[in-house]
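Numbered per our numbering, the sequence shown spans residues 99 to 278.
All C-beta atoms, glycine included, are put in the ideal place defined by N, C-alpha and C.
Read through the structure below, which is laid out as structure tokens, and then see the notes.
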Amino acid sequence: PTTLLLMLTSLATGTIITMSSTHWLMAWVGLELNTLSIIPIITKHHHPRSTEATTKYFLTQAAASAMLLFASTMNAWHTGTWDISQLTNQPACTMFTMAIAMKLGLAPLHFWLPEVLQGTSLNTALIITTWQKLAPMSLMFLTHSSLNPTIMMMLGLLSAMVGGWGGLNQTQTRKIMAFS
């Protein structure tokens with residue numbers, strides 16, 4: 099119980115750091131704290147499926163975090179500032195959008211979400227599908243004026259279509275959650 103409380107507190111702290119940040123590195127630190135806090139929660143059930151789910155989750159989130167860090171570094175190099183609201187470099191903006199889409203599990207970068215949710219408990223799946231989305235969504239809201247509306251619209255439409263079609267053939271609750 100004490101360890102779980104510590105992890106949940108770290109999860110909340112990471113989200114608050116990201117949501118209140120105006121500096122790219124602090125936002126990244128908050129996202130990393132979120133990722134590192136959820137990993138023990140996913141692995142608390144000692145089962146091969148949870149180990150596989152944890153590995154998939156970690157590798158996907160690490161790749162997305164590296165992409166986000168690279169995009170923010172590229173933007174800082176071009177603009178001379180680490181301010182989140184100054185996302186003006188187009189390649190960095192596109193890379194940022196893809197990193198956030200991967201963190202959120204948006205199609206076509208949703209490949210990890212159904213398998214990860216299937217390997218976790220229902221409570222952990224609920225945390226992943228709700229709380230873990232708050233920090234990336236807040237970054238998306240902070241940078242919405244810089245993001246390409248066409249790419250955002252395509253991600254939204256593709257997620258709705260893939261989610262609808264992918265969820266039709268599912269019988270397991272957590273996979274239905276992943277596609278919804």
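| query | result |
| --- | --- |
| Suppose the cutoff is 8 Å on Cβ atoms and the five residues either side in sequence are ignored; what does the same chain contact list for L104 look like? | none |
| To which residues of the same chain is P206 closer than 8 Å at the C-beta, ignoring the five residues directly before and after it? | L256, V260 |
| Going by DSSP, what residue range makes up the alpha helix (DSSP H) through W210? | Run containing W210: none; DSSP gives neither H nor E here. |
| So, at 7 Å on beta carbons, what are the nonlocal neighbours of M124 in its own chain, with the 5 sequence-adjacent residues on each side left out? | I115 |
| In or out: S183 buried (at least 16 other Cβ within 10 Å) or exposed? | exposed |
| Buried or exposed, going by whether 16 or more other CB atoms sit within 10 Å of the CB of S243? | exposed |
| Roughly how many angstroms separate the alpha carbons of N221 and T227, rounded to a whole number? | 10 Å |
| Which same chain residues, not among the five before or five after A276, have their C-beta less than 6 Å away from its C-beta? | L211, P212, L215 |
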